[in-house]
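Note that my numbering has the sequence shown beginning at 4, numbered continuously upward. Virtual Cβ for every residue (Gly too), placed ideally from N, Cα, C. The structure displayed is predicted, hence computed values, not measured ones. Notes to accompany the following structure.
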Amino acid sequence: MQRLRQGTRQGALIAVEFIEVKFIEIKSLQVAQVHPERTSGTSGKGSVLMSIRIIRTGDDPVLRQRAKPVPLINKAIEKLLDDMAETMYDADGIGLAAVQVGVAKRIIVVDVGSGLYELVNPEIVEKSGGTQVASEGCLSLPGIRGDVPRSVNVTVRGLNRQGEEVEIKASDLLARAFQHEIDHLDGILFTDYLKPSEIVRVSERETRQR
Ligand SMILES: [Zn+2]
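In structure tokens:
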């Protein structure tokens, strides 16, 4: 828990620097390819098989489901966490919720460039610092972006993959990413905060570049 808090503080600092260039969760439709399973040694438990899962997009009904709490972290959940991180990195995203890979469970992964956060049953327990508006995109809504108001600081509580309760204090981009991903667990998309005229269309090429 201590180490996680430490990482968060660093993350918040780094996130500020990245806010102009890194905030993107979008990538093109190429993420919808099925990749063969491959080995990767980046998981905490040594070399494990990870898979890139298909990212659900557009009007897929799973994106509007309210995800269910996870009662027990078992091997299947650990594998899901591995796959979600792999899928997020493959898509150049900074966050992914389980519903985006078609699993209606309360699980998110986030990495804004300062390290990976894996959270099961995450909840925002505190918001502070007022709101700030910044451009957002979503891996499930390719080709669009929009300016969304979010709380500047949030405290997020949830379980890590060992089933231990962790608390993360996040600011700026990291706080935004947590708010965006936890919204997914309640079937909320960033476009729900916008009027149609506030949704900006971007080309697939632009999407990929950002
Ligand atoms: Zn999203």
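The Cβ atoms of R153 and Q182 lie closer than 8 Å to each other. Beta-bridge annotation (DSSP): S174 is paired with N156. Secondary structure in the stretch 93-159: the beta strand (DSSP E) runs of 3 residues or longer, each lying completely within the stretch, are 98-100, 110-113, 120-139 in chain order. In summary, T90 is buried, with 16 or more beta-carbon neighbours lying within 10 Å of its beta-carbon over all protein chains present. A distance criterion of 7 Å places the beta-carbon of L176 beyond contact range of ligand 1, judged by its closest non-hydrogen atom.
The closest CA to that of I97, considering only L176, P145, V151, G61, is found on L176.
With contacts defined by Cβ atoms closer than 8 Å, V115 and A70 do not form a contacting pair. The C-alpha of L197 lies about 20 Å from the C-alpha of P64. Note that the C-beta distance between S138 and I58 is not below 8 Å. The distance from the Cβ of E168 to that of V113 is about 17 Å, inconsistent with a contact at the 8 Å cut-off. Separation of the CB atoms of L162 and N124 is rounded to 6 Å, and the pair is thereby assigned contact status at 8 Å. Sorting G140, A100, S117 by C-alpha distance to the C-alpha of Q68 places A100 at the top. Using a Cβ distance threshold of 8 Å, T60 and P199 do not count as a contacting pair. Nearest to D62 by alpha-carbon distance, out of V136, Q103, A173, V203, is Q103. Separation of V136 and S174 (C-alpha to C-alpha, rounded to the nearest whole angstrom) is 13 Å. Within 10 angstroms of the beta-carbon of L52 lie fewer than 16 other beta-carbons, which makes it exposed. One alpha carbon belongs to P74, the other to D95, and they sit about 30 Å apart. Between T158 and V128, the CB-CB gap stays under 8 Å. Shortest gap from the CB of L197 to any heavy atom of ligand 1: 7 Å or more. The alpha-carbon separation between P72 and D189 amounts to approximately 11 Å. Annotated as proximal: D86 and R56, with beta-carbon spacing under 8 Å.
Comparing alpha carbon positions, the residue from G140, I191, S54 closest to E81 is S54.
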